[in-house]
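K.L.:
From first to last, the protein sequence lines are chains A and B. Numbering of the first sequence is given in this note's numbering, commencing with residue -15 and proceeding in unit increments. Numbering of the second sequence is given in this note's numbering, commencing with residue 684 and proceeding in unit increments. Following this message is one structure expressed as structure tokens.
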Amino acid sequence: MIATNGFALTHFQAFLLFAAVISIAFGFLGRRRPKDRIKYILWSFFLFLVVGIGIAWAMYPFSR
Amino acid sequence: MADEVIQQTPEATPAQPPNEGTQREGFAWAIGIAGWLLPGLGHALQRMWGRAVVVFLAVGLLVVAGATMRGNVFSSNGGDAFDTLGYVADLGTGSFYLAARALERDGADVSHADGDYGTRFLATAGVLNLLAALHAYEAARGRKA
């Protein structure tokens, strides 16, 4: 993962890292109870994946 | 027959010293600025330890990842409005902005996808920290948080 020119991630790894970090931060800031936080984090992460992959597929015909 | 006039008396409000609101507002501003300068500090000062740790780690991870992926750390002498917006977003990380500049010794390289992602990570870290600082400010004012 560490390349000679720094921290190298694939598109999907960068996408997963982004979705996970933001979902966890939003979950902790937006909810108080641990159970609510976990539900919020999982739901937010799932929506990040669905929307991100959906947009990627929608752009696929124009990618080349 | 005289018309009946119903007078509504104002609801009793709890007496509070005149300076209390001003002091609380000043405290809230201090909390917000502290949270901006060092991610998580605004929550830590209010003993919201979980939120403080998560904000510190989330912003720190995004900054380190963004800088080591050679994302663009914008400076004040940007050429256009987008550079200025990027600078404002990057400044949102507070003291971590200096860390990002120190980490990125070889400069930005946005000719590859990594550098482009890095730029987004850095901007997201800044905006996330501003959101967290605003959250800490609102909590210090007594709003539900």
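Glycine included, C-beta positions come from ideal geometry on N, C-alpha and C.
(1) If you compare alpha carbons, which of B/G704, B/T705 and B/L721 is closest to B/L833?
(2) In this structure, does DSSP put A/F(-9) in helix, strand or coil?
(3) Can you say whether A/I39 is buried or exposed, counting buried as having 16 or more other CB atoms within 10 angstroms of its CB?
(4) Pull up the distance between the alpha-carbon of B/V736 and that of B/L744, whole angstroms please.
(5) Look up B/L721 in the DSSP assignment and say whether it is helix, strand or coil.
(6) Taking the C-alpha atoms as reference points, what is the distance between B/A711 and A/G11?
(7) Please list the residues of the segment 725 to 757 of chain B that have a C-beta atom closer than 7 Å to any C-beta atom in chain A, keeping them in chain order.
(8) Counting only beta-carbon separations shorter than 7 Å, does A/M(-15) have a partner in chain B?
(9) Rounded to the nearest angstrom, what separates B/T751 and A/Q(-3) at their Cα positions?
(10) So what does DSSP say about B/Y800, is it helix, strand or coil?
(11) With distances taken Cα to Cα, identify the nearest neighbour of B/Q729 among B/A741, B/L740 and B/A713.
(12) How big is the Cα-Cα spacing for B/Q706 and B/R824?
(13) Alpha carbon to alpha carbon, how far is B/R789 from A/W27?
(14) Tell me whether A/I37 is buried or exposed, calling it buried when 16 or more other Cβ atoms sit within 10 Å of its Cβ.
(15) Need the endpoints of the alpha helix (DSSP H) that A/M43 sits in, please.
(16) CA-CA distance, B/F779 and B/A815?
(17) Does any residue of chain B have a CB that is nearer than 7 Å to the CB of A/L13?
(18) Is A/V35 close to chain B, meaning its C-beta is less than 7 Å from at least one C-beta of that chain?
(19) Alpha carbon to alpha carbon, how far is B/A822 from B/M731? Give it in angstroms, no decimals.
P.N.:
Per the coordinate set shown:
(1) Residue 833 of chain B lies beyond the range of chain B shown here (684 to 828); nothing can be said about it.
(2) Strand at A/F(-9).
(3) Residue environment analysis places A/I39 among the exposed positions, since fewer than 16 neighbouring C-beta atoms fall within 10 angstroms of its C-beta.
(4) Their backbone Cα atoms lie some 12 Å apart in a straight line.
(5) DSSP places B/L721 in coil when its eight states are reduced to three.
(6) Taking the Cα positions, B/A711 is about 23 Å away from A/G11.
(7) Of all residues in the segment 725 to 757 of chain B, only G733, R734, V737, V738, A741, L744, L745, A748, T751, M752 and R753 come within less than 7 Å of chain A when Cβ atoms are compared, listed by chain position.
(8) With a pLDDT of 46 at A/M(-15), under the threshold of 50, the predicted position of this residue should be treated as unreliable, though the coordinate-derived value follows. At least 7 Å separates the CB of A/M(-15) from every CB of chain B.
(9) Just so you know, the alpha carbons of B/T751 and A/Q(-3) end up roughly 15 Å apart.
(10) DSSP places B/Y800 in helix when its eight states are reduced to three.
(11) Closest option to B/Q729, Cα to Cα, is B/A713.
(12) Cα to Cα, the separation comes out at about 10 Å.
(13) Inspection of the sequence shows that residue 789 of chain B is occupied by Asp rather than by Arg. When rounded, the distance between both Cα atoms is 38 Å.
(14) Residue environment analysis places A/I37 among the exposed positions, since fewer than 16 neighbouring C-beta atoms fall within 10 angstroms of its C-beta.
(15) It spans P18 to M43 - the alpha helix (DSSP H) in which A/M43 sits, taken as one unbroken run.
(16) Each residue's Cα considered, the two are about 14 Å apart.
(17) A/L13 counts as touching chain B.
(18) No, no contact with chain B.
(19) As the crow flies, the alpha-carbon of B/M731 is around 10 Å from that of B/A822.
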